[in-house]
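In our numbering, the protein residues as written are 27 to 397.
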């Protein structure tokens, strides 16, 4: 073969196009090379990402992501939640340090600074807890608290669910909006106003008593009846907060697809069967979660509500743990005793949450947290 028949090289092609000018083939090759380099860099990043999710010593991915990758991925969300986290730490966790006075004979007058007074107060160990547990009034307050909790759990807890089902069955949006507004309104009333309204209706000088007196009857006064007081407190709670409690259940019902109801109706299911097989299963996770939270809040049944009506029915019927701590600890400035009683209440409440959450797991629900 002669030299004239040899194919032109890339250098020759580049020379023919002039000095400093790249041939079209070279331009395509350079672009292709840049794209290939970029693709290789992405592949190498994904390879590092995949290796971060592999268990050491095995080639199978576990789904775990290294903390560094998660930090880079979620840094924007972390910055957004940082103010809320700081507020929770400041107002929820820093005050927990004050529980140390439960193990002291705390005297706030030892110093002008409460923290310095805490450091200078003598330690007494579990003496405050022994005083609390040996007090018969504490056990009486605990019994009243549990009775009110059980009544509210049986009578109060199902009411928001029933109201949510009732409102959800209303077809006209305007009627539904008016019903929600009427039910929400009492939640924004203070307990002073709620007790006053009940006093004007069910008190000895209320509307019902005056109406009965006009017809020859007398002696009607529910507000001062110690035997009926626990039911009165439950009814007040239902009137004030039941409408507000339906918000969570209505939100859960809004996520149910209408196609399920239409398909069930086409299969011949009536309104009752649609509610039993579609609506209630949709509410079941929310009901389990709120039930666990309600059990954890069992020892808090309304401080202001009961304190306002304490003189009307007496401490025998109205004394609960919160009012017990107030009258025997805070009011008498026995802060170590009050802190010990409050700490016992918190430990019992945490135990109830864990037990209720365990029951929710056994029922197949998530509860407050997963297993």
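All residues carry an ideal CB built from backbone N, CA and C; glycine is no exception.
DSSP places residue 273 in the uninterrupted alpha helix (DSSP H) bounded by 255-280. Residue 130 carries a strand assignment under DSSP once its states are collapsed to helix, strand and coil. Residue 245 and residue 230 have their C-alpha atoms spaced approximately 7 Å apart. With a contact defined as Cβ atoms closer than 8 Å, residue 277 and residue 321 miss out at about 22 Å. Sorting 186, 335, 195 and 114 by C-alpha distance to the C-alpha of residue 213 places 186 at the top. Note that the C-beta distance between residue 349 and residue 333 is below 8 Å. Annotation for residue 359: 134 place their beta carbon closer than 8 Å to its own, counting only its chain and skipping 5 residues before and after.
Residue pairing by DSSP places residue 217 opposite no residue, since no beta bridge is assigned to it.
The C-beta of residue 120 has fewer than 16 other C-beta atoms within 10 Å across all chains shown, which makes the residue exposed.
Distances from the CA of residue 372 to each of 108, 347 and 339 were compared; the closest alpha carbon is that of 347. By the neighbour-count definition (other C-beta atoms within 10 Å, threshold 16), residue 92 is an exposed residue. Just measuring C-alpha positions, the residue of 102, 152 and 385 sitting nearest residue 315 is 385.
Note on geometry: alpha-carbon atoms of residue 123 and residue 208 lie some 42 Å from one another. Boundaries of the alpha helix (DSSP H) harbouring residue 170: 162-177, taken from the DSSP string.
With 16 or more other Cβ atoms inside 10 Å of its own Cβ, residue 266 counts as buried. Bridge pairing for residue 353: absent [DSSP]. Here residue 363 is buried. Its C-beta has 16 or more other C-beta atoms within 10 Å. By the Cβ-count criterion, residue 152 is exposed, with fewer than 16 other Cβ atoms from all chains shown falling within 10 Å of its own Cβ. Looking at the DSSP output, residue 149 shares a beta bridge with 130. A direct Cα-to-Cα measurement between residue 269 and residue 228 gives close to 22 Å. With fewer than 16 other beta carbons inside 10 angstroms of its own, residue 188 counts as exposed. Under the three-state reduction of DSSP output, residue 370 falls in the helix class. 361 is the residue among 361, 395 and 390 whose C-alpha sits nearest the C-alpha of residue 128. Here residue 233 has 227 as same chain residues with Cβ atoms under 6 Å from its own Cβ, once five neighbours each way along the sequence are excluded.
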